[in-house]
Structure formats: C-alpha cells, structure tokens
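Enquirer: Questions regarding the structure given below will be posed in turn.
2 protein chains.
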Amino acid sequence: MAQQHLDPTDPATAGAVTGQALAAYLRAQATQFLRALRLHRETGGSSAGDAAESVDAARALRRSARRISASLHTFRPLLDPDWSEETRPELAWLSGTLGLEHAYESRLERLLLALHRLSGATMFPARAVGMAAAGSRATAPVTMKAAPGNAGGPAGSPTTAERGTLTVGAAKAGALLERQLTLARTRAHSTALQALGSSRFHAVADKVAVLASEVPLTPSAPTTDLSPLAAAAAERLTDAIAALPLVTAGHPYNAEALVHGLSPDPSPHPQDGPWHQVRLLLRLHRYAGEVLCGGNAPVNVPLLTAGQALNRHRDASEAAAAAAQAARTPRIAPATAYALGVLHADQRHEVEAARFAFQQAWRKQTVNAP
Amino acid sequence: MAQQHLDPTDPATAGAVTGQALAAYLRAQATQFLRALRLHRETGGSSAGDAAESVDAARALRRSARRISASLHTFRPLLDPDWSEETRPELAWLSGTLGLEHAYESRLERLLLALHRLSGATMFPARAVGMAAAGSRATAPVTMKAAPGNAGGPAGSPTTAERGTLTVGAAKAGALLERQLTLARTRAHSTALQALGSSRFHAVADKVAVLASEVPLTPSAPTTDLSPLAAAAAERLTDAIAALPLVTAGHPYNAEALVHGLSPDPSPHPQDGPWHQVRLLLRLHRYAGEVLCGGNAPVNVPLLTAGQALNRHRDASEAAAAAAQAARTPRIAPATAYALGVLHADQRHEVEAARFAFQQAWRKQTVNAP
Numbered sequence: 565m566a567q568q569h570l571d572p573t574d575p576a577t578a579g580a581v582t583g584q585a586l587a588a589y590l591r592a593q594a595t596q597f598l599r600a601l602r603l604h605r606e607t608g609g610s611s612a613g614d615a616a617e618s619v620d621a622a623r624a625l626r627r628s629a630r631r632i633s634a635s636l637h638t639f640r641p642l643l644d645p646d647w648s649e650e651t652r653p654e655l656a657w658l659s660g661t662l663g664l665e666h667a668y669e670s671r672l673e674r675l676l677l678a679l680h681r682l683s684g685a686t687m688f689p690a691r692a693v694g695m696a697a698a699g700s701r702a703t704a705p706v707t708m709k710a711a712p713g714n715a716g717g718p719a720g721s722p723t724t725a726e727r728g729t730l731t732v733g734a735a736k737a738g739a740l741l742e743r744q745l746t747l748a749r750t751r752a753h754s755t756a757l758q759a760l761g762s763s764r765f766h767a768v769a770d771k772v773a774v775l776a777s778e779v780p781l782t783p784s785a786p787t788t789d790l791s792p793l794a795a796a797a798a799e800r801l802t803d804a805i806a807a808l809p810l811v812t813a814g815h816p817y818n819a820e821a822l823v824h825g826l827s828p829d830p831s832p833h834p835q836d837g838p839w840h841q842v843r844l845l846l847r848l849h850r851y852a853g854e855v856l857c858g859g860n861a862p863v864n865v866p867l868l869t870a871g872q873a874l875n876r877h878r879d880a881s882e883a884a885a886a887a888a889q890a891a892r893t894p895r896i897a898p899a900t901a902y903a904l905g906v907l908h909a910d911q912r913h914e915v916e917a918a919r920f921a922f923q924q925a926w927r928k929q930t931v932n933a934p
Numbered sequence: 565m566a567q568q569h570l571d572p573t574d575p576a577t578a579g580a581v582t583g584q585a586l587a588a589y590l591r592a593q594a595t596q597f598l599r600a601l602r603l604h605r606e607t608g609g610s611s612a613g614d615a616a617e618s619v620d621a622a623r624a625l626r627r628s629a630r631r632i633s634a635s636l637h638t639f640r641p642l643l644d645p646d647w648s649e650e651t652r653p654e655l656a657w658l659s660g661t662l663g664l665e666h667a668y669e670s671r672l673e674r675l676l677l678a679l680h681r682l683s684g685a686t687m688f689p690a691r692a693v694g695m696a697a698a699g700s701r702a703t704a705p706v707t708m709k710a711a712p713g714n715a716g717g718p719a720g721s722p723t724t725a726e727r728g729t730l731t732v733g734a735a736k737a738g739a740l741l742e743r744q745l746t747l748a749r750t751r752a753h754s755t756a757l758q759a760l761g762s763s764r765f766h767a768v769a770d771k772v773a774v775l776a777s778e779v780p781l782t783p784s785a786p787t788t789d790l791s792p793l794a795a796a797a798a799e800r801l802t803d804a805i806a807a808l809p810l811v812t813a814g815h816p817y818n819a820e821a822l823v824h825g826l827s828p829d830p831s832p833h834p835q836d837g838p839w840h841q842v843r844l845l846l847r848l849h850r851y852a853g854e855v856l857c858g859g860n861a862p863v864n865v866p867l868l869t870a871g872q873a874l875n876r877h878r879d880a881s882e883a884a885a886a887a888a889q890a891a892r893t894p895r896i897a898p899a900t901a902y903a904l905g906v907l908h909a910d911q912r913h914e915v916e917a918a919r920f921a922f923q924q925a926w927r928k929q930t931v932n933a934p
C-alpha cells in the first residue's frame, strides 16, 4: 500500500495527528522488530558471551511486538480489518511465548530474594540469587543472565556463613521453588526456541517485514484524526480504574490482599483480575501516547510509576501463587511448608503494597487524551 | 502515717500539684483495688452467671495494681523507699499473674479470627471464635467469657457450610493453636487461683489495705511539686520514642517487621523490644497525668490512639510468636505448617501496621509534662 501524503493546508487535518503518524509509528516498530530478530538469530543458542545479547534481542522483539499489537487494537478502525484480525493474535502469541522464560526466571529471582530477606540475610542480592541457584545451571539456557563470577563455577558456591543465614525450611523451600521454576523455565525456553523456528513464526516475521515498508491503512486513515481513538483508550483506562477499590488501596495495611490467602478455592485471588486488566489498559494508553507524539512522548513520571506499580502487582501475585503451588507438592517437610506459607503471605503483602503505590501515583495523574 | 495538710498561702506550693495529690490518687486506687478484690472473692470460682463479673473483677484488680505500681515508680522520691521497694515487685507479680490467662485467651481469639479472615470466611467474629473453640470448653475456666449461646452446647457447633470455609490446613492449624493456647490458659488460670489463695497475695492485699488510709509519703512530700517527676517520666518516653525507627515506620509497607521471619535465631524479633518498652513508658506517662489531674485528666485522643497501637503491636508480636511456636510441633502435616506460616506472616504485618498507626498518632501528639 503506497503511503499517502496530506495537503497540510487541508483544514480538516491541519494541526491534527492523523493516520500518517500511525503508519510512521508502525513502520518504525516493525523495523525495530526486524533488527531485534536479526540480532537474535546471530546470537541465539550460541556461546555464553552472547547470552546477554540474546536476552536483549528477545526483549526487543517482545517490546516491538507489544507496541504493534497495541496500536492495531487502539487504532483498529484505521487499519485493514482482515489484516489486523489476522496479525494481532499472532503477535500476542509471539510475545507471550517469548516472555514466559523471562517470567519464570524473574519469578524465581523474586522468591529467592524474598526468602533471603525473610531470613534476615544481608547478602548482596545478585550473589544471593546466584548462590541459591548455583548447581542447577550446568546447562544454562541461552537467555539466562548469569551473575558475574557465578556461572556454575566454584566462585558461586556459598560459604558456610552464607548457608547459615537460611533455616532448613527456607533453604528447602528455596531449593523446591528452584527445581519447579527452573523446570518451567527450561520448558519455556524450549518452547520459545521451537516457536522461533516454526512456520507460524516465519509467517509473523513476513507480515512484520511487509509492515516495515507498507502499512495497510484504510483509504480515509491518512486524513483521520487519531485523537478520538486515543481518547477512547484513555477513557477505557479511567473507567477501569474508577472500578478499582482505590479508597481501600489508599489505606495502608488494609489486609485486603491476603484475604482468601488460606481459602479452599483453587484460584483464590479473583480480586487481582481488575488490577491486571488496568495494567494492560495503562500500557495501551501509554503506547497510544507514543503514536501521537511520534516517539517523542514526554516522560510522564506518575504514569510511569503507576505502570511500574502494576507490574510489581502482577509479579508479586504470580510469585505468591507459585509459593502456594509449591506448598502443594506431596511429601514436603513441615518446615518447608511453613517457609512457603510465610513466603506466600509476604508476596501477597507485596501485592497490597503495589496497590497502595498505584493509588499514590494515580492521585498525581490526570489522564488526558494524549 | 498521718496525712499532712498544707498551708495554701505557702508560696512554694501555691498552684502547684504536690505530694498531697499523689497520696489522694494512691488512696483512691487502693480503695478500687480492695473493692475489686471483694467482688472477685464473691464471684470467683462459682457459677457461670458470675463468670463475667469475675473477669471484670480480675481486670479491675490488675488496673489498680498497675496504677499503684506505676505511681510508686514515677514518684519514688516522695515515698518511703523501703516500703516502695518492697511493694512494687509484689504488685507487678500480682498483675502479671492475673493477666496471663486473659493474654492467652485473647491471643487465641486473635489467631482464630485471623485464620477465618485468611480463609475468606465472612462469619460473625464472636461466632467464628466460639465455633473454633467449641468442644474444648467443657470445663470453662472462671474468667472465660463465653460467647452467647456458644457455651459448649449444640448451638455452638459449626454448620457444614461454616466448616467449608476453612481449608484442612487452616482448620488443623486452628485446632493445634487452640489445644496449645487453651492448655496454657488453663495453667495460667490455676496459677492465678493459687496466687489469689497464697500468703504472698494476702501480704500484698494487706499492704494495699493500709495504703487506702495511710500513704507512706516522705516528710517533705506533701509540699513537693510533682511536676518535675512527671516531666521526667515524659522525657523518658520522648527519649525512647526518639530512638524508634519512626521514619521507616511512617513509610507504609516497609516490610521491616517480617525481616527475620524465617531467621534461624530462636528469638528473631529483638526489633520489637524498643516498641514494647515505649508501650510501658507511655503507660507510666499516662498514669502520671492521672495523678496530676486528680483523676480528671482530659482525654488525649492521639495519646490514647498511640497507646492502643502499641497494645496491638504487642498482641500481634506475641500472636506471631505463638504461630511460629506451634509450627515447631513435631509431626504436624505440611498443610498445617503452611497455614501457620501464612498466619505468622499475617501477624508480623499486623506488627508493622501497628507501628505505622503509632507513628501516625504520635505525629499529632506533643508530650507536655502533664
């Protein structure tokens, strides 16, 4: 599809940000995606020196895929509907698949750091994690970030004093979580590798390659003002936030997040759902701002802080669930189960703390259609 | 010892509150003590109808004993030193011994309520406690407050729906805590009964009976201004508060209280000590105010709130320790241990919440020598 140029003297579009800007944004993100893909192919699966680059490349791939997908959603009426409907789920599949390994890795890191904090250990965080995870990284997955000097060698072995900072329960809980989450991460790694070699992936990559030069705008899109669609995204966000229990969240220590912490319900935290939803809507809102500002969006600190709080909310929620799940492992020692209970409650309080942080940040923020 | 009367025209004492006021306060508290003792003897150990009165009487005994003991401490230079040094430890022994049963009872109540809250149960609190505790109160101790309609009869049996609100782990944890704390409470009850029948107790009661008519002031006490001693008590309080980590406490969700939650140290919470100390100093300060105002001390809401926060701090700290202690019971099921871990962490967060509440109340409060 050829790019259409506007007459800047057209009063209907003078000063307005139009579909042209959307096309430019999508082309730029598609180019980023292709660059990340090239880098990933050059570094993926090879020596340890390239592992960090491979992680960066996978992150950049996800980053662009998320932005393209979000723009397809927010500005749907301006894009060829068949193409959009075909492309968006594929991008979501890709960023989901590529993100899982990292999610398991950071979940394990979060839980091991919490176990050390709860044990009153004063170790350097990276070392604490390296220590607890040492010994099981003989076959370090490509996208693992190895802590310096801790790549499975004897430098990573804990000293007796360091071991002494963990109770038997905390140490066993850490080992159990490590086994379970490392297994999950390894599986996610294989799945991601398979995905990147699949014909499904090649089809997505081809679509994005086309997007880098030709954006399938509708005929009227180049002269259509983007603001109403961006405003609608902002409105969906504010509506969702208005439905959150923000008054409660603004009262510290409201003890809401741990209610149902011992519930017999297998998925006891439906209360997290609306917050996860706001996290996604906030991201859509932020990306819409990027489209309108042509990549020069001014940094909105409260919005950024609010988004970080919701990321933390999601991470803590999933870490708490992983601790609860590990506690259901058959035949564990009571001391292990006790440590996992403390850990679960600790992460649920992190959930509550993140809601408080979101509430505080949001007070400073007024959503304006960008 | 004869009461000495002041010349109100003496410029040294005009307008000042002197040892006379201390004597009046001690006489009044001693009278309260004797009245409570008489009531306790009339109601103690008898039928269930008198149980509530017996509880009230024991509480009133402790209330007066605390106030007399505190005044002996704060205004020590105005009282016969031999008599003070002999009397004060005996009053402390008495209020400590009488308080233990109530402490175990309310600790169990706190923990069972928390278990129900953590299970997402929406039961009426009194019933929740009555339910969990039903069946083990066949020999209800005299000072047990029975929930209406729940005194071990079938009305107190939980319905299936109510049982369903607890997981196996939570239910077993509740039963374990109930066994342990009921045993401790029963022992405390026996100890209190023995104490009340002991010659040691009769000696204290005799001392208090004398105090009701004759306060052993030093010769100069009746003309001595009480303010400097009360101010010194206030200063000890402010000094102790200044040493508390109030900046941290004022940041919600600082996660300080649960640090060492999994520490191998058998007494992992020395951080609670300074707060317990402030709780005692705050009480001394409050009672000194009562002495100076002759029982007409105006209600100082922030001070009262601060004191309540420290009571809650102490209760949650001890409840958390009881949960951790129960988790060390041999051969418990992992699900029980898990529930106790969640419960321990929950109570440690209550500790943190109480510190936050204290910090908030204290900001509104300026200590003046009363």
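Note that the protein sequences, when read in sequence, are chains P and V.
Heads up, the first sequence is in my numbering, so the first residue is 565 and it goes up one at a time.
Heads up, the second sequence is in my numbering, so the first residue is 565 and it goes up one at a time.
We put the beta carbon where it would ideally sit given N, CA and C, even for glycine.
So, using beta-carbon positions, are P/R627 and P/A883 closer together than 8 Å?
Expert: no
Enquirer: Buried or exposed: V/L747, going by 16 or more other Cβ atoms within 10 Å of its Cβ?
Expert: exposed
Enquirer: Name the residue from P/R919, P/G871 and P/A678 whose alpha carbon lies nearest to the alpha carbon of V/L909.
Expert: According to the sequence displayed, residue 909 of chain V carries Ala and not Leu. Closest by alpha carbon: P/A678.
Enquirer: Pull up the CB-CB distance for V/L848 and V/H637, whole angstroms please, since I reckon it's below 8 Å.
Expert: 7 Å
Enquirer: Considering just the uninterrupted stretch of the alpha helix (DSSP H) at P/K771, what are its terminal residues?
Expert: S763 to L775
Enquirer: Please check the pair V/A752 and V/E665, which I expect to be a contact at CB under 8 Å, by giving their CB distance rounded to whole angstroms.
Expert: 4 Å
Enquirer: Which of the three DSSP states, helix, strand or coil, is assigned to P/D644?
Expert: coil
Enquirer: Using 10 angstroms around the beta-carbon of P/D819, count the other beta-carbons present and answer buried if the total reaches 16, otherwise exposed.
Expert: The residue you asked about is not Asp; residue 819 of chain P is Ala in the sequence shown. Looking at its Cβ environment, which holds 16 or more other Cβ atoms inside 10 Å, P/A819 is buried.
Enquirer: By the criterion of Cβ-Cβ separation under 8 Å, what are the contact partners of V/V823 in chain P?
Expert: R681, L682 and G684
Enquirer: Of the choices P/A852, P/K736 and P/G871, whose alpha-carbon is the least far from that of P/P789?
Expert: Note that residue 789 of chain P is Asp in the sequence shown here, rather than Pro. P/D789 has its Cα closest to that of P/A852, out of P/A852, P/K736 and P/G871.
Enquirer: Could you tell me whether any Cβ in chain V is nearer than 8 Å to the Cβ of P/H877?
Expert: no
Enquirer: Any contact of the region 921-929 of chain V with the region 805-820 of chain V, i.e. 3+ C-beta pairs under 8 Å?
Expert: yes
Enquirer: Could you say if the region 774-782 of chain V and the region 638-648 of chain V meet the contact criterion of at least three C-beta pairs nearer than 8 Å?
Expert: Contact holds: three or more Cβ-Cβ distances are below 8 Å.
Enquirer: Rounding to the nearest angstrom, what Cα-Cα distance links V/Q841 and V/H877 in this structure?
Expert: 11 Å
Enquirer: What is the DSSP secondary structure of P/L845, counted as helix, strand or coil?
Expert: helix
Enquirer: Please report the straight-line C-alpha distance between P/V915 and P/A885, rounded to a whole angstrom.
Expert: 11 Å
Enquirer: List, in order along the chain, the chain V residues whose C-beta lies closer than 8 Å to that of P/S670?
Expert: Those within 8 Å of P/S670 in chain V number zero; the least Cβ separation is about 19 Å.
Enquirer: When Cβ atoms are compared, which residues of the region 883-912 of chain V fall closer than 9 Å to chain P?
Expert: A888, A891, R892, T893, P894, R895, I896, A897, P898, A899, T900, A901, Y902, A903, L904, G905, V906, L907, H908, A909, D910 and R912
Enquirer: Is P/A809 close to chain V? Criterion is C-beta to C-beta, closer than 8 Å.
Expert: Looking at the sequence itself, residue 809 of chain P is Pro, so the reference to Ala does not match. Under the 8 Å criterion on CB atoms, P/P809 is classed as non-interfacial with respect to chain V.
Enquirer: Where P/P718 and P/A767 are concerned, what is the direct C-alpha to C-alpha distance, given to the nearest angstrom?
Expert: Reliability of the predicted coordinates at P/P718 is poor, the pLDDT of 40 falling under 50, and the value obtained from them is presented with this limitation in mind. Distance between the alpha carbons of P/P718 and P/A767 is about 45 Å.
Enquirer: Flag V/G579 as yes if its beta-carbon sits less than 8 Å from any beta-carbon of chain P, otherwise no.
Expert: No, its Cβ sits nowhere closer than 8 Å to a Cβ of chain P.
Enquirer: Any C-beta of chain V sitting closer than 8 Å to the C-beta of P/F920?
Expert: yes
Enquirer: Check the Cβ-Cβ distances between P/S881 and every residue of chain V, and say whether any is below 8 Å.
Expert: no
Enquirer: Between the alpha carbons of V/Q929 and V/V865, how many angstroms are there, rounded?
Expert: 9 Å
Enquirer: Identify the contact partners of P/T812 in chain V, using a Cβ-Cβ distance below 7 Å as the criterion.
Expert: By Cβ distance, chain V contributes nothing, its closest Cβ being about 13 Å from P/T812, past 7 Å.
Enquirer: Under 8 Å by Cβ, that's how I've got P/A899 and P/K736 pegged, so tell me the actual separation to the nearest angstrom.
Expert: 7 Å
Enquirer: Use the C-beta contact count for P/H824: other C-beta atoms within 10 angstroms, 16 or more gives buried, fewer gives exposed.
Expert: Looking at its Cβ environment, which holds 16 or more other Cβ atoms inside 10 Å, P/H824 is buried.
Enquirer: With 8 Å as the threshold, decide whether the Cβ of P/T869 is near any Cβ in chain V.
Expert: Contact with chain V is absent for P/T869, since none of that chain's Cβ atoms lies less than 8 Å from the residue's Cβ.
Enquirer: According to DSSP, is P/L822 part of a helix, a strand, or is it coil?
Expert: P/L822 falls in the coil class under three-state DSSP.
Enquirer: Between P/P816 and chain V, is the shortest Cβ-Cβ distance under 8 Å, so that the two count as touching?
Expert: yes
Enquirer: V/E654: which of V/R764, V/G837, V/A813 and V/P816 sits nearest, CA to CA?
Expert: Nearest neighbour of V/E654 by Cα position, chosen from V/R764, V/G837, V/A813 and V/P816, turns out to be V/R764.
Enquirer: Below 7 Å CB to CB, which residues in the same chain sit around V/S827 once its five sequence neighbours on both sides are set aside?
Expert: So no residue of the chain qualifies.
Enquirer: Cα-Cα, which of P/R599, P/R630, P/V732 and P/H680 is closest to P/A901?
Expert: P/V732
Enquirer: Grouping DSSP H, G and I as helix and E and B as strand, with all else coil, what is P/L781?
Expert: Reduced to three states, the DSSP call for P/L781 is strand.
Enquirer: So, for V/A821: in the same chain, excluding its five sequence neighbours on each side, which residues have a beta-carbon less than 6 Å away from its beta-carbon?
Expert: R912, V915 and E916
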